Amino acid sequence: MDSASSGAFVRSINISTRKGTRKTPVGDVPQMVKEQWGFENDAHAGDWHRQVSFLAQESIVKAQGMGLDVKEGDFGENFTTEGLDVLSLPLGTQLRIGGDLLVEISQIGKVCHTRCAIYYLAGDCIFPREGIFAVVLQGGEVKAGDSIEVVKMGDGTCSFAPPEALAEVEAARAAGTL
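For what it's worth, the UniProt record's numbering labels the leading residue of the sequence shown as 1, then goes sequentially.
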């Protein structure tokens, strides 16, 4: 186990049927994540490089400290994590969640081309700066409280991510707009 994930766990699993909206925490109800797809019944699932998303609870607490009235799922993340230093994990890092689910980090941050409902409801959206995305290598059932383990540290590349998507994020970061 890597120190980036020592004691890490899923604080909340969040689902939505539409993109650009807050996701709803599902509580302790186990959820099925399909290989090369994502969460069943989630708007972001599909055949692309952003099948599931992660945001650290520590980022949400930081947003609350800035006066934002936010909680798990409000930034559109599928997994709210705790104890996982998501921003230290390079592309290609593989995470085991619970017993079966295996994902690979495919994108760090994102460019928002328009201000979606999340921005207007929360007052700011930290996800473009602090959220990460992954593809599902092996599906499985997950629930809040499941452990998260770094099983393979990435080398900064991910064959699932389109180069133009990664270049767009890097350009925004370099320009200071992310």
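Ideal placement from N, C-alpha and C gives every residue a C-beta, glycine not left out.
Remember, predicted model here, so these are calculated numbers, not experimental data.
**Prompt:** How long is the line joining the alpha carbons of Asp-28 and Lys-143, rounded to whole angstroms?
**Reply:** 6 Å
**Message:** Tell me the residue span of the beta strand (DSSP E) that contains Glu-149.
**Reply:** 148–152
**Asked** Where does Leu-89 sit, in a helix, a strand or coil, going by DSSP?
**Response** coil
**Prompt:** What are the start and end residues of the beta strand (DSSP E) that includes Ala-134?
**Reply:** 132–138
**Message:** Can you tell me where the alpha helix (DSSP H) holding Val-169 begins and where it ends?
**Reply:** 163–175 is the extent of the alpha helix (DSSP H) around Val-169.
**Prompt:** At a cut of 8 Å, does the stretch 65–75 reach the stretch 33–45 through at least three beta carbon pairs?
**Reply:** Under the three-pair Cβ rule at 8 Å, the stretch 65–75 does not count as touching the stretch 33–45.
**Prompt:** Which residue from Gln-31, Pro-30, Ser-16 puts its Cα closest to that of Thr-24?
**Reply:** Ser-16
**Prompt:** Nearest to Ile-148 by alpha carbon, out of Val-169, Gln-94, Lys-34?
**Reply:** Looking at Val-169, Gln-94, Lys-34, the one whose alpha-carbon comes closest to that of Ile-148 is Gln-94.
**Request:** Please report how far the alpha carbon of Ala-8 lies from the alpha carbon of Val-151, in whole angstroms.
**Result:** 13 Å
**Message:** Assuming contact is defined by CB atoms lying nearer than 7 Å, are Ser-6 and His-49 in contact in what I supplied?
**Reply:** no
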